[in-house]
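Quick note, the sequence shown lines up with residues 1470 to 1767 if you use this note's numbering.
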Amino acid sequence: MTSCDFTEEPIKKIAIFGGTHGNELTGVFLVKHWLENGAEIQRTGLEVKPFITNPRAVEKCTRYIDCDLNRAFDLENLGKKVSEDLPYEVRRAQEINHLFGPKNSENSYDIIFDLHNTTSNMGCTLILEDSRNDFLIQMFHYIKTSLAPLPCYVYLIEHPSLKYATTRSIAKHPVGIEVGPQPQGVLRADILDQMRKMIKYALDFIHNFNEGKEFPPCSVEVYKIMDKVDYPRNESGEIAALIHPNLQAICMHTQVGEQLFWRSCGLMTLVYNGQIMVQNVPANTTCNMRIHSYMLAL
């Protein structure tokens, strides 16, 4: 994916969200730390606000209370009449939209970083929602270069039919940050250090941009979601196979005809025409696998 020359107003308001999923503890820990001592995230001319998005889920160390907060920010939910009958996360989405939005308005925050963990062995990953966002492409290139030789991947979730209504989507420039592997409800020092560095480099980029530094056009390699492939299921709808041991905890390309699933009565393979690559992100952590392809240019 290649950035173009772009003109952007200076960035002024930034939020860093932790605890969108209450059992993904790196973001929770960092946000709580920055709420007590935010010196390291402050930059001249920037308002940077750390924020716990789902405090009830954090308190219970669970992904969510009633429904996934990271899928609750569609205009229908945000426009519902406030009522105690609404799911907790929908009411919380409305509160967050009031504080940091409104969504799709000039008053919304410029950038929201939403911090997540995954049990998948996918390392440092930046999540992009719009392939036309040249500002974020430049930022992601800067972060990737600064982290090197530590790998950092870019995951594009733009898709015509697979819609996401993410917590961060109320910002003009939404940024998902996902770092793993880390079990749910657990903190790992190395994962925390990596996420902390990603935020540091992102804020450094924004500061340099606001100071007038020019960034020439750049290219970044991204993974783009193409489709979802469910696990094999039996007649009752229950999962009937496991991720093949050769793919367990591995983020890698799967070749045509390679075995993806395993069950006691034999192996199962996914057959496709070879025009796309299969990338297991994440493997054995959700009830589906995702098919990806490289997008090298716009």
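Here a beta-carbon is modelled for each residue, glycine too, at the ideal position from N, C-alpha and C.
Local conformation of residue i per DSSP, three classes
i	result
F1582	strand
H1490	coil
Q1511	coil
R1702	strand
V1740	Because V1740 sits at a pLDDT of 43, beneath the cut-off of 50, its placement in the model cannot be relied upon, and the following sentence gives the value as read from the coordinates. DSSP places V1740 in coil when its eight states are reduced to three.
S1615	helix
K1572	coil
A1526	helix
K1501	helix
D1599	coil
T1495	helix
N1506	coil
H1610	helix
H1628	coil
Beta-bridge partners of residue i, as assigned by DSSP
i	result
A1484	K1518 and I1581
Y1622	T1594
L1711	W1731
Residue i Cβ short of 8 Å to the ligand NAP heavy atom set
i	result
E1553	This structure simply doesn't include the ligand NAP, nor any ligand for that matter.
CA-to-CA distance, residue j to residue i, given in whole angstroms
i	j	result
N1539	R1637	8 Å
T1594	P1479	25 Å
M1746	L1711	Reliability of the predicted coordinates at M1746 is poor, the pLDDT of 45 falling under 50, and no value is obtained from them.
L1412	G1487	An answer regarding residue 1412 cannot be provided, because it is not within the stretch 1470 to 1767 covered by the chain.
C1621	I1612	8 Å
C1536	N1715	33 Å
V1497	K1682	32 Å
F1678	P1685	12 Å
F1569	K1641	10 Å
N1576	R1665	28 Å
D1554	H1502	34 Å
W1731	E1704	18 Å
N1492	A1658	16 Å
G1592	Q1651	10 Å
R1601	L1625	11 Å
F1542	V1559	8 Å
H1628	G1514	35 Å
H1610	L1597	12 Å
T1588	V1655	10 Å
L1504	H1676	21 Å
V1691	E1647	14 Å
L1584	L1499	9 Å
G1507	I1485	11 Å
L1619	N1573	35 Å
A1634	C1687	28 Å
is_contact[residue i, chain D] using C-beta, thresh 9 Å
i	result
N1566	Going by chain labels, chain D is absent from the structure shown, which holds only one protein chain.
Inter-residue CB distance, residue i and residue j (contact presumed, cutoff 8 Å)
i	j	result
L1672	I1510	6 Å
I1565	E1516	Their Cβ separation, rounded to whole angstroms, is 17 Å, which puts I1565 and E1516 out of contact at 8 Å.
I1694	V1644	Incorrect: roughly 17 Å between the Cβ atoms, too far for contact.
N1523	T1495	At roughly 15 Å, the Cβ-Cβ gap does not stay under 8 Å, so N1523 and T1495 are not in contact.
N1546	G1649	So it is not a contact: roughly 28 Å between Cβ atoms.
Q) What alpha helix (DSSP H) runs, 4 residues minimum, are completely inside the segment 1534-1564? A) 1544-1547
Q) Could you give the uninterrupted runs of the beta strand (DSSP E) lying entirely in the segment 1637-1700, keeping only those of 3 residues or more? A) 1642-1649 and 1691-1699
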